[in-house]
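> In the UniProt record's numbering, the protein residues as written are 1 to 689. Handing you this structure, nothing more for now.
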């Protein structure tokens, strides 16, 4: 057994040993323990509810599967419009080349969208959310690879945070985890890869709809030869504007609106494909034999490798199966892909191949030629790389299965990536250029934000300093003040700056730290962590408000009201904590069993202390209620960051211009948390980085 496993077992044993009994029920030491150091993070005293995940009914799953057809498969579903034209850019040299390309399309669609994404990658969802960032969040939860030192032990108490799975392969996973945690290069590389993957998905999302719509509208020329290229472009622009305008109505309405259209589309291309297959050349089913791929490469050599840039367009939009899973469910995506999309696409490509076997010269009839979809293949490769880490560390998959995955899926994707990179100067640079701009924005923000966080961490107020500040000549104002900051560990330096200029404190003060966890959503009842700041008479508390990366702050979850209620719940539970030990955890130093008189005295003392604790709790809650009635004030730290005098030119541009420009265009905290302007006070301070 590994050292980590032994340690975990020992901790469980200690919790079992020190768990007291209350009314015949065992109390978990983990829930009762108290964190006394200001450097330690907030202890959680609210009872955690275990959220059972009941499977959705089949009617709901089928409805979601229907909706997903209208949302997920728009790109991959329109690929038959241009794949063959993009592959045979120089025409068809040999009739069996069609079978070779059809075989490539068949096995590419089978290996990547069907086997890799539908059967494997969808299982790596982050509590229902998908995409590159979801994979990164899984790795961040399992290993400490985040660059901000804001991790807390209590984060693992969140109901959908847990990942640990029992396995005999724990030693290998622990070694890999340890190497990632100790390597700063690995942490930076994972962050960089995540930014790049996310940026490329966005970059591809800019171009792919244009490609699909242009190709579809281009078919009008077959029916109306008088249609000019300019007319096609303007019709496409109008359609794209309409498509993007309706997205604001949400996934539900868009899905139900477009699903019938896409279903009709799949029915038509599938039906026409079957018709063409039987009418022109049913023998194209021979393409199931992968030897036709080998013969295709033997005949065409380098040209065959270059043509892979056209074949890969058959899986354009595949990443959407994983990225959009958060809107639906894993099972609904699997059903829609296996039952509708995959059969329709295979039939369409087979029918086109049968038609081309009899009409070689019509291969270029499709309007759109070759702009290689590079971002798509790169993101697929990146997803595979992250998935290998998840297989080894989290799933603890058999190493033989991991090797098979890398040798099959990985080899196919790298082959396609090498082909599309060959056409970099023919338009492949466009998605990379978009990705480069987005990455520059992400890096600028992340880099300066980390520096600012470390600055606050290095200059935070120590417990002794807080006592010194609090012992000054301050007046206490009636009311409750919430002091917002981004620092999770400790009290931010801006508080000292505030009290030096405003020598008054409200009767109750709560330091609120906003923290984003590497999970999609945090249940509202598990949002807040509290801890008291000593001395008790100050009525000062610290609060960590935790959100997932897809959580939306909205009016249905009133921040101020929830925080106050959870604060009062924390006070009750803190006093209950003391009562539990007074009632069942009393230890006497006298030898032997106490007599009846001693037992009765102990019970009377405990009852008196218990009553006192209850009175103290009610008194504190009354102080909170009175402060709320007097008024709640929100103090928001506005930190201006500038480059220090000795900073390099690059740092000055990054901090003084790039970061500050982004910050000015960011939604402010008062808008995010719906803070009334009449009860808001901003406290400014300048940080030199």
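Where a beta carbon is used, it is the ideal one built from N, C-alpha and C, also for glycine.
Would DSSP call residue 577 helix, strand or coil?
Three-state DSSP puts residue 577 in a helix.
> Are the beta-carbon atoms of residue 690 and residue 444 separated by less than 8 Å?
Nothing can be reported for residue 690: it is not among the residues displayed for the chain, which extend from 1 to 689.
> Measure how close the beta-carbons of residue 326 and residue 205 come, nearest whole angstrom, since I'm counting them as under 8 Å.
The Cβ separation is near 16 Å, so there is no contact.
> Any contact of the segment 526–534 with the segment 500–507, i.e. 3+ C-beta pairs under 8 Å?
No, because fewer than three Cβ pairs between the segment 526–534 and the segment 500–507 fall closer than 8 Å, the two stretches do not touch.
> Between 453, 506, 465, 482, which lies nearest to residue 489 when the distance is taken from Cα to Cα?
The candidate whose alpha carbon is nearest that of residue 489 is 453.
> Return the first residue and the last residue of the beta strand (DSSP E) that residue 652 is part of.
First-last for residue 652: 649–652, but that is the alpha helix (DSSP H), not the beta strand (DSSP E).
> Apply the 10 Å Cβ neighbour rule to residue 691 and answer buried if 16 or more other Cβ atoms are within range, or exposed otherwise.
Given a span of 1 to 689 for the chain in the structure shown, any question on residue 691 remains unanswerable.
> Using the C-alpha atoms, what's the distance from residue 657 back to residue 664?
Roughly 11 Å between the two C-alpha positions.
> Quick one: complete beta strand (DSSP E) runs, 3+ long, within the segment 495–557?
Taking only runs of at least 3 residues, the beta strand (DSSP E) segments lying wholly in the segment 495–557 are 504–516, 528–533, 540–547.
> Using alpha carbons as the reference points, say which of 281, 73, 240, 357 lies closest to residue 263.
Of the candidates 281, 73, 240, 357, the one whose C-alpha sits nearest the C-alpha of residue 263 is 73.
> If you drop the 5 nearest sequence neighbours on each side, which residues of the same chain put their C-beta closer than 7 Å to that of residue 439?
So the list reads 195, 196, 199, once near-sequence residues are dropped.
> What residues are listed by DSSP as bridge partners for residue 632?
480.
> Quick one: is residue 49 buried, meaning 16 or more other Cβ sit within 10 Å of its Cβ, or exposed?
With a pLDDT of only 34 at residue 49, under the threshold of 50, the placement of this residue in the model should not be trusted, and no figure is reported.
> Spatial neighbours of residue 238 within its chain, please: CB distance less than 8 Å, with the 5 preceding and 5 following residues excluded, ordered by chain position.
Nothing listed; no residue qualifies.
> Tell me the rounded alpha-carbon separation between residue 254 and residue 337.
For residue 254 and residue 337, the distance between alpha carbons rounds to 19 Å.
> According to the Cβ coordinates, are residue 504 and residue 475 closer than 8 Å?
Result yes, Cβ atoms of residue 504 and residue 475 sit closer than 8 Å.
> Drop a sphere of 10 angstroms on the beta-carbon of residue 182, count the other beta-carbons inside from all chains shown, and report buried for 16 or more, exposed for fewer.
Exposed is the call here.
> On the three-pair Cβ rule with 8 Å, is the segment 85–93 touching the segment 278–290?
Cβ pair count under 8 Å is below three, so no.
> So what does DSSP say about residue 686, is it helix, strand or coil?
Residue state, collapsed to three classes: strand.
> Run through the DSSP bridge pairs and tell me what residue 641 is partnered with.
DSSP lists 687 as partners of residue 641.
> Drop a sphere of 10 angstroms on the beta-carbon of residue 310, count the other beta-carbons inside from all chains shown, and report buried for 16 or more, exposed for fewer.
By the 10 Å Cβ count, residue 310 comes out buried.
> Let me make sure I understand the geometry here. Which of 306, 323, 412, 331 has the alpha-carbon closest to that of residue 134?
Selected option, being the one with the closest Cα: 323.
> Buried or exposed: residue 603, going by 16 or more other Cβ atoms within 10 Å of its Cβ?
That one is exposed.
> For residue 552, tell me which candidate among 534, 562, 522 has the shortest Cα-Cα distance.
Nearest option by C-alpha distance: 522.
> Taking the straight line between their C-alpha atoms, what separation do you get for residue 270 and residue 144?
Going from the Cα of residue 270 to the Cα of residue 144 covers about 48 Å.
> Skipping 5 residues on each side, what residues in its chain have a beta carbon closer than 7 Å to that of residue 212?
Taken in chain order, the residues that qualify are 74, 75, 78.
> Looking only at C-alpha atoms, which of 435, 608, 124, 235 sits nearest to residue 329?
The candidate whose alpha carbon is nearest that of residue 329 is 124.
> Determine the direct distance from the alpha carbon of residue 619 to that of residue 386, and round the result to whole angstroms.
Residue 386 and residue 619: Cα-Cα distance of roughly 53 Å.
> Could you compute how far the alpha carbon of residue 150 sits from the alpha carbon of residue 140?
About 12 Å.
> Between residue 380 and residue 318, which are expected to be in contact by the criterion C-beta below 8 Å, what is the C-beta distance as a whole number of angstroms?
About 7 Å; that satisfies the 8 Å criterion.
> Are there any heavy atoms of the ligand HEM lying less than 7 Å away from the beta-carbon of residue 680, as far as the coordinates show?
Summarising the ligand content, the structure contains no ligands, and the ligand HEM is consequently not present.
> Compute the Euclidean distance between the alpha carbons of residue 547 and residue 358, then round it to the nearest angstrom.
Computed Cα separation, rounded: 60 Å.
> Would you say residue 677 and residue 482 are within 8 Å of each other, going by their C-beta atoms?
Their beta carbons are not under 8 Å apart, which means residue 677 does not touch residue 482 by this criterion.
> Taking residue 422 as the reference, give the member of 374, 464, 388 with the closest Cα.
Taking only the C-alpha atoms, the option nearest residue 422 is 374.
> Touching or not, the segment 292–304 and the segment 394–406, by the rule of three or more beta carbon pairs under 8 Å?
Because the criterion of three Cβ pairs below 8 Å is not met, the segment 292–304 and the segment 394–406 do not touch.
> Going by the DSSP bridge assignment, what does residue 485 pair with across the sheet?
Residue 485 is bridged to 513.
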